[in-house]
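To keep things clear, I will list the structure first and then write my remarks on it.
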Amino acid sequence: MTKSIIFKTTHASQRSFDGGVFVAAILQSHNLNHQKIMEKISADVYKKIDNNLYNVNGDIWWKPDSVLHLLKTSVNPWRVGYANSIIKRLGIDPQGKTALEVGSGGGILTEEVCKMGFTTTGIEPSEESVQTAANHAKTSGLDIRYEKGTGENLPYPDKSFDFVFCCDVLEHVQDLPKVISEISRVLKPGGVFIYDTLNRTLISKLVAIKIWQEWKRWAFMPPNLHVWEMFIKPEEIKALLLKNGLEWKEHKGSEPNVSIPKMLGYLRKRVKGEWTYADLGKNFQLVESNDMNILYAGYCIKK
Ligand SMILES: C[S@@+](CC[C@H](N)C(=O)[O-])C[C@H]1O[C@@H](n2cnc3c(N)ncnc32)[C@H](O)[C@@H]1O
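The opening position of the sequence shown corresponds to residue 1 in this note's numbering, with each subsequent residue numbered one higher.
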C-alpha cells in the first residue's frame, strides 16, 4: 500500500509561498487555525522527498565539513540537552535501561544516547548509513547495536525498550501513523518516547524550505531534503500519540542562537565559500525557546 499522509486543511497555507508576502505570511502564521486530520500522505507528495541522499557510499555524517554533520554541531546541543533534561526530570538512571533510536542515520544522536548510559540500538533504512554508524561507534569504542530497517516495521518484540528516540526523522517517513504505532508497541509500559520534528507553518516554509534549502543566496541543505507538506503540526503528532496509548506530556520549541539577519549573513558566507560547514556549525546552533514555528521537541510516556 502506498504510504502517505493526507493533510486535510481548511486553510490556504498550502499555497506556494511568495517571498514578496514575507511579512504578511509571518503575521498570518501566528493565526493559522488548521483543522487537520492526519491520515496518509499522497504518493505524489512522498515522491518529492529525497531519502536516497543517505544511501551514499562512504561517510556523509562525521566529516566536520559536511552538511549532515550540522546535526552534531548545530542540532545536538539543543536536542541532547532536551533529552537529558527529561531524563533528569523523570528521575531515571539510564544505566541498565534499553534505548532504541529510530532512523539513526550515521549515529550522531545514537552515540549521545549510548554515552548517557543506555544499552543502545539504532535502526535505519540506509545500508550505507548503518555501515558508517557501526564503523564510527567501533572506532569510538562505543557498544551500539545497529540494524537496517524502517520505523514502519520495527523488528522487535512488544515492550522491548525503556526509551525510544526519533529525532529529525518523523518528517521523512512514509507512514507516520504506522511509525508511531510501532514505537508505542516496542515501548515498555512506563517507557519514554522523545522526539523532535519540523512544524508545518508558513514560517517553517520560509526558513526551513526557502532559505535553508531552495533560495541559492543562502541555501545550505541539499534540494528535497525536506518537503514542507510532510512537516507535522504539534497537535497532529499529539493526536497520533494519544491514539496509540502514549500519554503526551509536552512540546518545546527551538530557535537559532543568532538573529535572523545574522543567520542570513552566516549562510551567505558559506555560499560564497568564505565559511565551511564546520565554520557554520561552530557559530550557528539551535537553542531551546518557546517558538514552535520551526523545530520542536516533545516527549510522552507509554501507558
Ligand atoms: C535527517 S536524518 C536524521 C538521522 C538521525 N536521526 C540524526 O538525527 O542524526 C533522517 C534519517 O531518517 C531516515 N529515514 C527515512 N525514512 C525512514 C523510515 N521510514 N524509518 C526510519 N528512518 C527513516 C533516513 O534514512 C535518515 O537517516
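Backbone N, C-alpha and C define an ideal beta-carbon position, used for all residues, glycine too.
Everything numeric in this text was worked out from a predicted model, so none of it was measured.
Where Lys252 is concerned, the enclosing beta strand (DSSP E) starts and stops at Leu246 to Pro256. The straight-line gap separating the alpha-carbon atoms of Leu154 and Gly281 is approximately 33 Å. DSSP links Gly298 through a beta bridge to Tyr195 and His251.
Approximately 17 Å separates the beta-carbon atoms of Cys167 and Trp248; this is outside 8 Å, ruling out the contact. For Gln174, the CB falls within less than 7 Å of some heavy atom of ligand 1.
The beta-bridge partner set that DSSP reports for Phe231 is empty. Judged by beta-carbon spacing, Glu214 lies beyond the 8 Å limit of Ser254, meaning their Cβ atoms are not closer than that value.
At least one heavy atom of ligand 1 falls within 7 Å of the beta-carbon of Tyr54. Look at Tyr156 here: in three-state DSSP terms it is coil, with no helix or strand label.
Distances between the C-beta of Leu286 and the heavy atoms of ligand 1 are all 7 Å or more. Judged by beta-carbon spacing, Gly191 lies beyond the 8 Å limit of Val169, meaning their Cβ atoms are not closer than that value.
Within 10 angstroms of the beta-carbon of Ser129 lie 16 or more other beta-carbons, which makes it buried. Between Lys216 and Asp162, the alpha-carbon positions lie close to 43 Å from each other. The Cβ atoms of Ile144 and Cys114 sit closer than 8 Å to each other. In this structure, Leu240 lies near Ile180, with their beta-carbon atoms less than 8 Å apart. Taking Val67 as reference, the option from Tyr296, Arg270, Ile194 and Leu206 with the minimal CA-CA separation is Arg270. Counting along the chain, Leu280 sits inside the alpha helix (DSSP H) bounded by residues Tyr277 to Asn283.
Taking every protein chain shown into account, the CB of Lys97 has 16 or more other CB atoms within 10 angstroms, so this residue is buried. With respect to the 8 Å criterion, Ile183 and Val102 are classified as neighbours on the basis of their beta carbons.
Here Val164 is buried. Its C-beta has 16 or more other C-beta atoms within 10 Å. When only Cα atoms are considered, Asp291 and Lys252 end up about 8 Å apart.
Under the DSSP assignment, Ala99 falls in the beta strand (DSSP E) whose first and last residues are Thr98 to Val102. A straight line joining the alpha-carbon of Ala134 with that of Lys159 spans about 25 Å. Taking the Cα of Ser85 as reference, the smallest distance to any Cα among Trp228, Glu235 and Met116 is reached at Met116. Counting the other Cβ atoms within 10 Å of the Cβ of Lys72 gives 16 or more, which makes it buried. In this structure, Asn51 has its beta carbon less than 7 Å from a heavy atom of ligand 1. DSSP places Ser181 in the uninterrupted alpha helix (DSSP H) bounded by Leu176 to Val186. Here Ser204 is buried. Its C-beta has 16 or more other C-beta atoms within 10 Å. In the DSSP assignment, Arg200 falls outside any alpha helix (DSSP H) and carries neither an H nor an E.
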